Each structure stands twice: as structure tokens, then as C-alpha cells.
Amino acid sequence: MSDNNDLKGLGGWLILVGIGVVISPFRLLATLVPTYLPIFEDGTWEALTTEGSEYYTQYFDYLLIGEIFFNGLMILSSLALIYLYFSKHYFFPKLYIIIITASLVFIPLDAWLVTLIFPSEEMFDMETLREFGRTLIAGLIWVPYMLVSQRVKLTFTNGRNENSQPQVEAGTD
Numbered sequence: 629m630s631d632n633n634d635l636k637g638l639g640g641w642l643i644l645v646g647i648g649v650v651i652s653p654f655r656l657l658a659t660l661v662p663t664y665l666p667i668f669e670d671g672t673w674e675a676l677t678t679e680g681s682e683y684y685t686q687y688f689d690y691l692l693i694g695e696i697f698f699n700g701l702m703i704l705s706s707l708a709l710i711y712l713y714f715s716k717h718y719f720f721p722k723l724y725i726i727i728i729t730a731s732l733v734f735i736p737l738d739a740w741l742v743t744l745i746f747p748s749e750e751m752f753d754m755e756t757l758r759e760f761g762r763t764l765i766a767g768l769i770w771v772p773y774m775l776v777s778q779r780v781k782l783t784f785t786n787g788r789n790e791n792s793q794p795q796v797e798a799g800t801d
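One rule links them: number in the numbering used here = place in the sequence shown (from 1) + 628.
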């Protein structure tokens, strides 16, 4: 049986979580900048949002602003997650679960809204399915880990009131 001190710290499976946490904001930026920047640079925004334009699409501006806002929030949350991870802050597992859950709700919601605005678009194109599948698999693996892992309970304790330290049993990662 492992001693609880062996389970404390950013080791074991938490290393994989940490790699994902560090990569996440860069992956988001690498995906979002090439997607959204051209819309504003090549005249697409004006064509789709100017009433009277041949290509005017009602509500496109709200959809795009909503997507940019949500993704900006995800980037900021990812940066906060990096800080919480390396500072071993007690809020890390909660924010991690919130981010995954929010993504699992946002991806199909956004796909549905796109089909309302662009009825000819397929709701779950290959890119949307890939992103949703990746997030779902990560959620199915890491959310239960965050909830039951003794290592998580022993590691992410900083910032917590000393009277509310988690009670953990000796066990495995």
C-alpha cells in the first residue's frame, strides 16, 4: 500500500493532465486565429453582416461574436488553469471539470445555431465531430479521475482553508 506522501505532487497521471493543460491555450490560438482573422480581413464580415448586401445573413454577427467571446473565455480559463495546476491550487479540479463540461455543451449548441443561420450546413461536419469526440473522450477519462483520484485530493490543496483539508485514504493514483 502506498504512503499518502507518495501520492502528493504533480506526478503519475497528473503529468498527462499537465501536458494537456499547458498545450490547450496554444492549440486554441492555433485553431482560432486562422479561422476568425480572415473573416475580418477579407471582407466576409462586411458581406455577411451588412443589411442590403447580396450575402447578408441575419444573426451571423451574433453567432460569430458569441463564438469569439466563448473561445476567448476558454483561452483565459486555460491560462488560469495553467496557474492553478502549477500552484497546486484546490480550485484546479473544479475549473478543469467546468471547462470540459462547458465545451461539451457549447460544441453541439454552436453546431445547432450554425444550422439555424445556415440551413444548408451540416450540423456535425467532420471538424465538429472530431472536436466533440476529442472533448468527450477527455471528459470521460479525466473528469472521473479528478473526482476520485487520491493524488488529485492530496496535490491540489493550496489556497484551501486549513479546516477544510480533504480527508483521503491510503490508496493508489
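For glycine and all other residues, C-beta sits at the position ideal for the given N, C-alpha and C. Fair warning: this is a prediction, and the values are worked out from it, not measured in the lab.
Touching by the beta-carbon criterion (3+ pairs, under 8 Å), the segment 647-662 and the segment 710-717: yes
Counterpart residues of asparagine 786 in DSSP-defined beta bridges: Here residue 786 is taken as the residue at index 158 of the sequence shown, counted from 1. Paired residues: His717.
Given this structure, state the Cα-to-Cα distance separating glutamate 695 from proline 772, to the nearest angstrom. Taking the sequence shown and counting its residues from 1, the one referred to as residue 695 is at position 67. Taking the sequence shown and counting its residues from 1, the one referred to as residue 772 is at position 144. Going by the C-alpha atoms only, they are around 28 Å apart.
Delimiting residues of the alpha helix (DSSP H) encompassing methionine 751: Here residue 751 refers to the residue found at position 123 of the sequence shown. Element bounds for methionine 751: n/a, residue is neither H nor E.
Start-end ranges of the beta strand (DSSP E) lying completely within the segment 632-699, minimum 3 residues: Uninterrupted beta strand (DSSP E) stretches at least 3 residues long and entirely within the segment 632-699 do not occur.
Within 10 angstroms of the Cβ of tryptophan 770, are there 16 or more other Cβ atoms? Answer buried if so, exposed if not. Locating residue 770 in the sequence shown gives position 142, where the first residue counts as 1. Buried is the call here.
What residue from Met751, Gly767 and Leu657 has the CA that sits closest to leucine 732's CA? Taking the first residue of the sequence shown as position 1, residue 732 is located at position 104. That would be Gly767, whose Cα lies nearest to the Cα of leucine 732.
Neighbour-count burial assignment, isoleucine 693, 16 or more Cβ in a 10 Å radius: Numbered from its first residue, the sequence shown carries residue 693 at position 65. Burial call: exposed.
In or out: serine 777 buried (at least 16 other Cβ within 10 Å) or exposed? On the sequence shown, position 149 is the one that residue 777 refers to. Taking all protein chains shown into account, serine 777 has 16 or more neighbouring C-beta atoms within 10 Å of its C-beta and is therefore buried.
Should the segment 722-732 be called in touch with the segment 758-767, which here means at least 3 C-beta pairs below 8 Å? yes
C-alpha distance - lysine 636 paired with threonine 663, whole-angstrom precision: For the purposes of this step, residue 636 is identified with residue 8 of the sequence shown, where counting begins at 1. For the purposes of this step, residue 663 is identified with residue 35 of the sequence shown, where counting begins at 1. Between lysine 636 and threonine 663, the C-alpha separation is close to 41 Å.
By Cβ distance, which residues of its chain are closer than 8 Å to alanine 658, with the 5 residues on each side in sequence left out? Working through the sequence shown from its first residue, we reach residue 658 at position 30. Hits under 8 Å: none found.
Contact check, tyrosine 718 vs arginine 788 under 8 Å by CB: the rounded distance? One-based indexing of the sequence shown puts residue 718 at position 90. One-based indexing of the sequence shown puts residue 788 at position 160. Yes, tyrosine 718 and arginine 788 are in contact; Cβ-Cβ is about 4 Å, under 8 Å.
Taking the straight line between their C-alpha atoms, what separation do you get for phenylalanine 714 and isoleucine 728? Sequence index remark: in the sequence shown, residue 714 carries index 86 (1-based). Sequence index remark: in the sequence shown, residue 728 carries index 100 (1-based). If I take the Cα positions, the gap works out to 19 Å.
Tell me the rounded alpha-carbon separation between glycine 680 and leucine 656. As a working mapping, residue 680 is identified with position 52 in the sequence shown. As a working mapping, residue 656 is identified with position 28 in the sequence shown. Their Cα atoms are separated by approximately 34 Å.
Inter-residue spacing [alpha-carbon to alpha-carbon] between tyrosine 683 and leucine 744: As a working note, residue 683 is residue 55 in the sequence shown. As a working note, residue 744 is residue 116 in the sequence shown. Spanning the two alpha carbons is a distance of roughly 16 Å.
I need the straight-line Cα distance from methionine 774 to glutamate 749, nearest angstrom please. The residue you call residue 774 lines up with position 146 of the sequence shown. The residue you call residue 749 lines up with position 121 of the sequence shown. Whole-angstrom Cα-Cα distance: 37 Å.
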